[in-house]
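Q: The structure follows.
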């Protein structure tokens, strides 16, 4: 049983390493886990995945990639972290709209692509947006370094939790599996457990046992449990 994990840089987590892998279709992608195939297609927003002609060309890359997969394949969608970290709060302020309304719009656009993928004959699975870890600079939207943030850690995680809840509700109503570790990545005091992170925004392989446990529960009896046991 193989899961094709397609998304932004968070798809790298499913390579089994803490390294950021080259963007697909680079040939030198390292993959340690036999039951995952990671495909990082760039910094694509969940909001833009349904559109052609965006700067990241996420829609075009996704469609190109899907033509190379066998019909019936399990496709895991790994988008939304960039939206929650850098854009939803910002757009809420710019548009003078509550974050809830912005989240509803983003999730609806994102989920429409997931439904289209199912109509194409694939079996979609949705990966949650992981929590936002604290940073020394709470608002780096205008600062050049590595990653963009907007809002405090608490605000970003409030947005992320609602994003996941909204997406999970749609997935459940459509009979699509939703894989979430969100609540497991917090400490008892409500702060983010940074021991599970490899940098400011990406999960480390320390979180992989939690993923395998969750997948075993979701796909028990469908072959995943056996393949995972052979690997471990």
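In the numbering used here, the protein residues as written are 133 to 364. Just so it is clear, CB atoms sit at the ideal spot from N, CA and C, and this is done for glycine as well.
1. Is the Cβ-Cβ distance between residue 235 and residue 214 less than 8 Å?
2. Suppose the cutoff is 7 Å on Cβ atoms and the five residues either side in sequence are ignored; what does the same chain contact list for residue 329 look like?
3. Out of curiosity, what's the CA-to-CA distance linking residue 294 and residue 284?
4. Using C-beta distances below 6 Å, list every residue in its chain close to residue 308, excluding the 5 sequence neighbours before and after it, in chain order.
5. Does the distance from the CB of residue 299 to the CB of residue 314 come in under 8 Å?
6. If you run the structure through DSSP and keep just helix, strand and coil, what is residue 285?
7. Taking residue 246 as part of the alpha helix (DSSP H), name the residues at either end of that continuous run.
8. Going by DSSP, name the residue or residues bridged to residue 191.
9. Tell me the residue span of the beta strand (DSSP E) that contains residue 337.
10. Bridge partners of residue 156, per DSSP?
11. Under a Cβ-count criterion, where at least 16 other Cβ atoms within 10 Å of its own Cβ denotes burial, should residue 193 be classed as buried or exposed?
12. Sort out for me which residues DSSP pairs residue 208 with in a bridge.
13. So residue 162 packs on residue 151, CB below 8 Å; how close in whole Å?
14. So residue 309 is in the beta strand (DSSP E); what residue range does that whole segment cover?
15. In the DSSP assignment, the alpha helix (DSSP H) including residue 226 goes from what residue to what residue?
16. Helix, strand or coil for residue 168, going by three-state DSSP, please let me know.
17. For residue 323, I'd like the list of residues in its chain whose CB is within less than 7 Å of its CB, leaving aside the five on either flank, ordered along the chain.
18. Using only the alpha-carbon positions, how far apart do residue 138 and residue 246 sit?
19. Per DSSP, what kind of secondary structure is residue 318 in: helix, strand or coil?
20. Give every residue of the same chain whose Cβ lies closer than 6 Å to the Cβ of residue 251, excluding the five residues on either side of it in the sequence, and list them in chain order.
21. Grouping DSSP H, G and I as helix and E and B as strand, with all else coil, what is residue 176?
22. Of the choices 199, 226, 204 and 301, whose alpha-carbon is the least far from that of residue 253?
A: For this structure:
1. Counted from its first residue, the chain shown places residue 235 at position 103. Counted from its first residue, the chain shown places residue 214 at position 82. No; because the gap between Cβ atoms is not below 8 Å, this pair is not in contact.
2. Residue mapping note: residue 329 aligns to position 197 of the chain shown, counting from 1. 265, 335 and 336.
3. On the chain shown, residue 294 is found 162 positions in, with the first residue counted as 1. On the chain shown, residue 284 is found 152 positions in, with the first residue counted as 1. Taking the straight line from one Cα to the other gives about 16 Å.
4. The sequence position of residue 308 within the chain shown is 176, counting from 1. Sequence-distant Cβ neighbours of residue 308 in its own chain, meaning closer than 6 Å and more than five residues away, are 256.
5. Translated into the one-based positions of the chain shown, residue 299 becomes position 167. Translated into the one-based positions of the chain shown, residue 314 becomes position 182. With respect to residue 314, residue 299 sits apart: the two C-beta atoms are not nearer than 8 Å.
6. As a position in the chain shown, residue 285 is number 153, starting the count at 1. It is helical.
7. Taking the first residue of the chain shown as position 1, residue 246 is located at position 114. Element bounds for residue 246: 231-251.
8. Taking the chain shown and counting its residues from 1, one reaches residue 191 at position 59. DSSP output for residue 191 lists no bridge partner at all.
9. Taking the first residue of the chain shown as 1, we reach residue 337 at position 205. Membership of residue 337 in any beta strand (DSSP E) is not indicated, and neither H nor E is assigned to it by DSSP.
10. By one-based count along the chain shown, residue 156 stands at place 24. Beta-bridge pairing links residue 156 to no other residue.
11. Along the chain shown, one-based indexing puts residue 193 at 61. Under this definition residue 193 is a buried residue.
12. As a first step, residue 208 is located in the chain shown; it is residue number 76 there, counting from the start. Among the bridge pairs identified by DSSP, residue 208 is matched with 137 and 257.
13. What you label residue 162 is simply residue 30 of the chain shown in a count that begins at 1. What you label residue 151 is simply residue 19 of the chain shown in a count that begins at 1. Yes, they are in contact, since the Cβ atoms of residue 162 and residue 151 sit about 7 Å apart, within 8 Å.
14. Translated into positions along the chain shown, residue 309 becomes position 177. Residue 309 -> beta strand (DSSP E) spans 309-311.
15. Within the chain shown, residue 226 is the residue found at index 94, counting from 1. Secondary structure note for residue 226: its alpha helix (DSSP H) is the uninterrupted segment 220-227.
16. Against the chain shown, residue 168 aligns to sequence position 36. Strand, per DSSP.
17. Position 191 of the chain shown, counted from the first residue, corresponds to residue 323. Its chain contains no residue whose beta carbon lies nearer than 7 Å to that of residue 323 once the 5 sequence neighbours on both sides are disregarded.
18. The residue you call residue 138 lines up with position 6 of the chain shown. The residue you call residue 246 lines up with position 114 of the chain shown. One alpha carbon belongs to residue 138, the other to residue 246, and they sit about 12 Å apart.
19. The count along the chain shown starts at 1 and reaches residue 318 at position 186. Per DSSP, reduced to three states, the secondary structure at residue 318 is strand.
20. As a first step, residue 251 is located in the chain shown; it is residue number 119 there, counting from the start. Nothing meets the Cβ criterion.
21. Position 44 of the chain shown, counting from 1, holds the residue named residue 176. Residue 176: coil per DSSP, three-state reduction.
22. Here residue 253 is taken as the residue at index 121 of the chain shown, counted from 1. Of all alpha-carbon atoms in 199, 226, 204 and 301, the one lying nearest the alpha-carbon of residue 253 is that of 204.
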